[in-house]
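Novice: Sequence lines, in order, name chains A and B. Mapping the first sequence onto full-length UniProt numbering, position 97 (from 1) lands on 97, and the numbers just tick up by one. Mapping the second sequence onto full-length UniProt numbering, position 125 (from 1) lands on 125, and the numbers just tick up by one. Ideal placement from N, C-alpha and C gives every residue a C-beta, glycine not left out. One structure, pasted below without further comment.
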Amino acid sequence: MNPVIGYAAIAAVALASALIGFYGLRVSRTTSDFYVASRTVRPWWNASAIGGEYLSAASFLGIAGLILLTGSDALWFPIGYTAGYLMLLLFVAAPLRRSGAYTIPDFTEARLESRWARRVTSLLVIVIGWFYIVPQLQGAALTVRITTGLPAWVGSVAVAVIVAVVVAAGGMRSITFVQAFQFWLKLTALAVPAFALLFVVGGGAPAELPPAQAFPPSAGPGDHDVYRTVSLMVALLLGTLGLPHVLVRFYTNPDGVAARRTTLIVLGLLSVFYLFPTVFGLLGRAFAPDLASTGEADALVLLLPGRLVPGVWGDLLTALVIGGAFAAFLSTSSGLVVSLAGVISQDLLGGSVRGFRIAAVASAAVPLVVALAMEPAGLAGSVGLVFAFTASTLCPVLLLGIWWRGLTARGAIAGMVTGAMLSGAAILGGAALSAAAPGIRPLLEQPAAWTVPIAVLVTVLVSRGDRRRVPRGVDAFLTRLHVPEREAG
Amino acid sequence: MSDEAPEPPARVRVTAPRAGGPAASARPEARAPGEAGAPTSDIQGVYVRSLIRSQLRIGLVFAAGFAIATALFALALAFTPALDETFVAGVPVSWLLLAVGVYPLALTVAALYVRAASRNESRYRSLSQQDRA
């Protein structure tokens with residue numbers, strides 16, 4: 001691949017993100033502006049921004065790569081990533097907006113009237129954020145290596161530095177603009193090449209594999225591992241509820257009704273977006289099956305346009321997908337860094353603008369170290385595990401906190417710690433354990449189906465045993481969550 | 001769907017609760033009595049609890065509906081091998097259906113839920129205002 005294309009596309013996206021970020025800086029001056037954009041963001045902007053933030057390396061590169069690698073089982077990933085917003089709409093969107101809290105730790109503290117519940121939640125949010133940024137940086141490393149020939153670490157460092165600078169300088173108001181821009185950039189960057197490829201293929205480009213071999217029934221929807229699929233769906237559907245960078249967006253809606261409308265628009269935007277990684281993945285199975293065996297399946301989206309479309313047009317399409325991929329790394333990482341910096345600066349640094357800036361730099365630096373030290377795994381799979389962890393820890397507390405008045409601080413902490421230990425052990429120790437006992441391998445590789453129910457059960461049981469410590473303000477708080485705002489006028 | 005108001009709402013200064021400062025939990029009581037949101041009487045409390053219950057009920061019903069419909073869809077694909085052997089544009093129909101089939105379902109469920117939730121809220125509003133008048 002011609003490295004000039006790679007350099008040009010990456011530089012253009014980085015520059016555009018920085019420019020929009022600094023443009024936002026001029027209108028972002030107070031602490032509250034920094035945290036949640038003063039709650040004046042309209043549903044379409046907000047929904048685009050949520051989409052922009054949410055569609056990460058896993059969505060942009062990982063899904064197509066996984067379809068190429070494993071077949072139709074991978075189609076469940078985009079379904080889960082999208083339907084997570086359905087769960088968010090049904091159980092969380094409007095009440096969370098009305099809670100008036102800025103972050104999940106704010107919510108748990110206000111709901112449970114406990115500093116300890118806040119501390120545990122903050123810790124989990126930070127861990128989740130860091131491990132979610134790692135695959136983004138690894139995606140950047142892959143993209144830079146494939147497209148420019150530079151060493152992989154350059155990509156990780158570049159993304160971490162750009163994100164730290166933009167977030168520390170601009171705060172979230174500017175990030176809302178950046179994110180909304182990035183959604184439409186990402187959609188264009190996949191849709192235009194996808195249509196072009198379909199056009200070329202429709203014109204009779206020769207496939208590497210005949211359909212029956214490219215899409216064998218053994219990799220198709222008829223050959224399901226039911227447990228894995230169900231567990232993956234539990235992780236993705238419920239994990240979305242607890243993602244810190246997604247939740248913070250809901251505070252920028254003017255009211256609960258707008259929060260619902262925003263979520264509905266997000267569902268629509270994601271449903272359209274995910275058609276295109278799917279197109280890439282399906283084309284890849286017929287036209288670039290060799291990438292699966294060389295272990296570079298995640299680069300499918302980057303390489304396919306250049307393979308199928310010759311000459312200048314192929315170069316232009318390649319530049320577009322590289323730009324979109326970089327937009328994905330930048331937007332998800334910056335969204336996560338914003339929410340992590342919010343949590344860290346409020347809990348440790350007094351909540352000042354200066355504290356926010358220091359926290360932003362720290363939030364980008366730690367995952368960078370992890371990303372450089374760790375061997376990259378498949379992008380969609382790594383992000384799926386972060387979802388499983390989130391679903392087992394923050395999701396039970398959020399759901400029960402919003403809908404069950406019996407939740408107590410002890411119950412919440414017990415549930416979060418249990419969920420974190422079980423899913424953390426399964427994720428980190430899974431490889432070693434399943435070598436010893438191959439029979440439980442699926443349980444360790446997709447732990448959500450058993451860790452989430454156990455976490456919920458522990459939360460409920462401990463809260464039940466602790467009934468006298470139900471917070472005094474619980475009725476007032478639940479009223480605030482569920483009663484609609486006054487109609488204007 | 002964008003609701004462009006003629007003039008934007010006045011910007012309100014909202015500040016983050018500081019760690020170590022007064023807890024955010026103090027805020028719910030800050031609403032004036034009589035304003036929507038502060039339970040002023042037993043009957044208001046009953047209305048609020050019934051609102052919460054009915055919102056939870058529709059949430060669970062719609063979630064279960066989505067899960068069951070998706071599961072049935074997946075089973076139908078799995079147990080119809082003919083779909084694996086029918087190719088449209090070089091791709092088996094079963095793959096294509098799984099690739100696009102669930103999204104319209106999720107969107108439909110979401111749109112219906114938004115309507116139902118708003119209806120619950122307006123029912124609550126009219127009940128609690130009737131009671132105050």
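#1: Report, in whole angstroms, the separation of the C-beta atoms of S345 (chain A) and F356 (chain A), which I expect to be a contact under 8 Å.
#2: Take A57 (chain A) and list the residues in its own chain whose beta-carbon comes closer than 6 Å to its own, dropping the five residues that flank it on each side.
#3: Between A:A412, A:L61, A:A93 and A:Q446, which lies nearest to I50 (chain A) when the distance is taken from Cα to Cα?
#4: Can you pull the DSSP bridge partners for P92 (chain B)?
#5: Measuring CB to CB, does L97 (chain B) end up less than 8 Å from A69 (chain B)?
#6: Grab the span of the alpha helix (DSSP H) containing F73 (chain B) for me, first residue to last.
#7: Report the rounded CA-to-CA distance for L77 (chain B) versus R119 (chain A), giving the unit in angstroms.
#8: Given A191 (chain A), which residues of its chain have a CB within under 7 Å of its CB, disregarding the five upstream and five downstream residues?
#9: For a cutoff of 8 Å on Cβ pairs, would you count G489 (chain A) as touching chain B?
#10: For the 8 Å Cβ check, are there 3 or more pairs between the stretch 312-321 of chain A and the stretch 216-232 of chain A?
#11: Which residue from A:G335, A:P289, A:Y81 and A:L243 puts its Cα closest to that of L237 (chain A)?
#12: Using a C-beta to C-beta distance shorter than 7 Å, which residues of chain B count as neighbours of S72 (chain A)?
#13: Would you kindly work out how many angstroms separate the C-alpha atoms of A297 (chain A) and G324 (chain A), rounded to a whole number?
#14: With DSSP run on the structure shown, which of helix, strand or coil describes W116 (chain A)?
#15: State yes or no: is the beta carbon of P442 (chain A) nearer than 8 Å to at least one beta carbon in chain B?
#16: Starting from the beta carbon of R260 (chain A), find every residue of chain B whose beta carbon is closer than 7 Å, and list them in chain order.
#17: How would you write the range of the alpha helix (DSSP H) that D466 (chain A) sits in, first residue to last?
#18: Among residues of its own chain, excluding the 5 on either side of F389 (chain A), which ones have a beta-carbon nearer than 6 Å to its beta-carbon?
#19: Closest to Y274 (chain A) by CA distance: which of A:A169, A:P151 and A:A194 is it?
#20: Secondary structure at V127 (chain A), three-state DSSP: helix, strand or coil?
#21: Below 6 Å CB to CB, which residues in the same chain sit around S231 (chain A) once its five sequence neighbours on both sides are set aside?
#22: Pair every Cβ in the stretch 75-90 of chain A with every Cβ in the stretch 261-271 of chain A, then say whether three or more of these pairs are closer than 8 Å.
#23: Which value, in whole angstroms, describes the spacing of the CA atoms of V397 (chain A) and T459 (chain A)?
#24: Chain A partners of L72 (chain B), CB-CB under 8 Å?
#25: Less than 8 Å between the C-beta atoms of G52 (chain A) and F250 (chain A), yes or no?
#26: If we count the other Cβ atoms within 10 Å of its Cβ and call it buried at 16 or more, is S463 (chain A) buried or exposed?
#27: Please check if any C-beta of chain A sits within less than 8 Å of the C-beta of Q129 (chain B).
#28: From what residue to what residue does the alpha helix (DSSP H) around M421 (chain A) run?
#29: Should Q129 (chain B) be labelled buried (16 or more other beta-carbon atoms within 10 Å of its own) or exposed?
#30: Please report the distance separating the alpha-carbon of L400 (chain A) from that of L407 (chain A).
#31: Sort A:V144, A:T121, A:A341 and A:R261 by Cα distance to I104 (chain A) and report the nearest one.
#32: Residues of chain A with CB closer than 7 Å to the CB of A64 (chain B), please, in chain order.
#33: Does L461 (chain A) pass the burial test, meaning 16 or more other C-beta atoms within 10 Å, or should it be called exposed?
#34: Please report the residue range of the alpha helix (DSSP H) in which N253 (chain A) lies.
#35: What do you get for E113 (chain A), buried or exposed, if any count of 16 or more other CB atoms within 10 angstroms of its CB means buried?
#36: If you follow the alpha helix (DSSP H) that L283 (chain A) is part of, which residue opens it and which one closes it?
Specialist: The structure says:
#1: 4 Å
#2: P135, Q136, G139, A328, F329 and L379
#3: A:A93
#4: B:F87
#5: no
#6: D42 to A78
#7: 46 Å
#8: F276
#9: Low confidence applies here, because G489 (chain A) scores a pLDDT of 34, under 50, leaving its location unreliable and the question unanswered by this model.
#10: no
#11: A:Y81
#12: W95 and L98
#13: 17 Å
#14: helix
#15: no
#16: V114 and A117
#17: Counting along the chain, D466 (chain A) falls outside any alpha helix (DSSP H), and DSSP gives it neither H nor E.
#18: S423
#19: A:A194
#20: helix
#21: Q446, A448 and A449
#22: yes
#23: 8 Å
#24: Here the premise fails: no neighbours, minimum Cβ distance about 13 Å.
#25: no
#26: buried
#27: no
#28: A409 to A436
#29: exposed
#30: 7 Å
#31: A:T121
#32: Here the premise fails: no neighbours, minimum Cβ distance about 10 Å.
#33: exposed
#34: Per DSSP, N253 (chain A) belongs to no alpha helix (DSSP H) and is neither H nor E.
#35: buried
#36: L275 to F287
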